[in-house]
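I have placed the structure first, in the form of structure tokens, so that the comments after it can refer back to it.
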Ligand code: MG
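In this note's numbering, the protein residues as written are 371 to 617.
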């Protein structure tokens, strides 16, 4: 049975015709299941699971590459203040990243001092993690801000102690030698709500300073921040992608 048509015009690029039945089929995967408030979901079958709730084997301490020393219990990991940032042993470039986090149920501090952590793509591009439920701070430092650059479109925060999700599409920057060819782009969906759409990053994350790109390899670890607060994470998986690949 012919799947498509062969008497149709060539699409731009000159490889396939409109409705070409010979074009490769999309790979079949198991899409997994969504999380509920009290239970993490199941990742898609083609994801690289970097935290399944049981061990930090896929992680190391960022500052010295020693084993990660955050606490693991009840299916989540929790920041141990002073233990430092942790990062994946594996390096990633373009990707889809899913993770869930919860700010401490016992509210303490305000502004940047309440439930602060951070998701650093390629170890240098931060999507802010902060408890901004009834807590204000500078907009480019709020929950789901691209820290120091772009506030989120809305504040989609749940209450402290409740699980929240980030689904992130990250397009790594492209360099040609020391030249920037294309900036990094980030899309962030928090709790099912688009909060950042295809933002072109100005460069790595800085505090109180302008950013600029510094060339780096095409892949780098995912880093989670120890900002001294007892933030929890669970169900972390990554689907490596290449957003510039030919279709
Ligand atoms: Mg932070």
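Using N, Cα and C, we set each Cβ at its ideal position, and we do this for glycine too.
| Query | Result |
| --- | --- |
| Counting along the chain, where does the beta strand (DSSP E) carrying residue 471 start and finish? | 465–472 |
| Just the C-alpha distance for residue 563 and residue 515, rounded to the nearest angstrom, thanks. | 14 Å |
| Could you spell out the range, first to last residue, of the beta strand (DSSP E) harbouring residue 447? | 446–448 |
| Using a 10 Å radius around the Cβ and a threshold of 16 neighbouring Cβ atoms, would you call residue 549 buried or exposed? | exposed |
| Got a sec: does the ligand MG put a non-hydrogen atom nearer than 6 Å to the Cβ of residue 597? | yes |
| Can you give me the Cβ contacts of residue 597 inside the same chain, cut-off strictly under 6 Å, excluding the 5 residues immediately before and after it? | 486, 487 |
| Pick from 539, 399, 372: whose alpha carbon is nearest that of residue 390? | 372 |
| By a C-beta neighbour count over all protein chains shown, 10 Å radius and 16 as the cutoff for buried, is residue 455 buried or exposed? | buried |
| Just mark residue 512 as buried or exposed, buried being the case when its beta carbon has 16 or more other beta carbons within 10 Å. | buried |
| Given a cut-off of 7 Å, decide if residue 492 and residue 603 are closer than it, judged by their beta-carbon atoms. | no |
| Pull up the CB-CB distance for residue 413 and residue 402, whole angstroms please, since I reckon it's below 8 Å. | 5 Å |
| Report yes or no: is there a C-beta of chain D within less than 7 Å of the C-beta of residue 596? | This model lacks chain D altogether, as it is built from one protein chain only. |
| With DSSP as the reference, identify every bridge partner of residue 456, one or two as the case may be. | 431, 594 |
| What would DSSP say about residue 546, mapped onto helix, strand or coil? | strand |
| Mark residue 406 as exposed unless 16 or more other C-beta atoms lie within 10 angstroms of its C-beta, in which case mark it buried. | exposed |
| What's the C-alpha gap between residue 582 and residue 573? | 5 Å |
| Which of the three DSSP states is assigned to residue 572 in this structure? | coil |
| My assumption, with CB atoms under 8 Å, is that residue 519 sits in contact with residue 560. Please give the rounded CB distance. | That pair is no contact at about 17 Å. |
| Where do the N-terminal and C-terminal ends of the beta strand (DSSP E) with residue 603 fall, by residue? | 602–610 |
| From the DSSP output, in three-state form, read off residue 395 for me. | coil |
| Find the nearest neighbour of residue 472 within the set 584, 394, 530, judged by alpha-carbon distance. | 530 |
| So, using beta-carbon positions, are residue 609 and residue 417 closer together than 7 Å? | yes |
| Short of 6 Å in beta carbon distance, which residues of its chain neighbour residue 496, apart from the five on each side in sequence? Order them along the chain. | 488, 490, 517, 575 |
| State yes or no: is the C-beta of residue 463 within less than 7 Å of the C-beta of residue 404? | no |
| Using a Cβ-Cβ cut-off of 7 Å (strictly less than) and excluding sequence neighbours within five positions of residue 611, which residues of its own chain qualify? | 464, 465, 466 |
| Tell me the DSSP secondary structure of residue 553 in three-state form. | coil |
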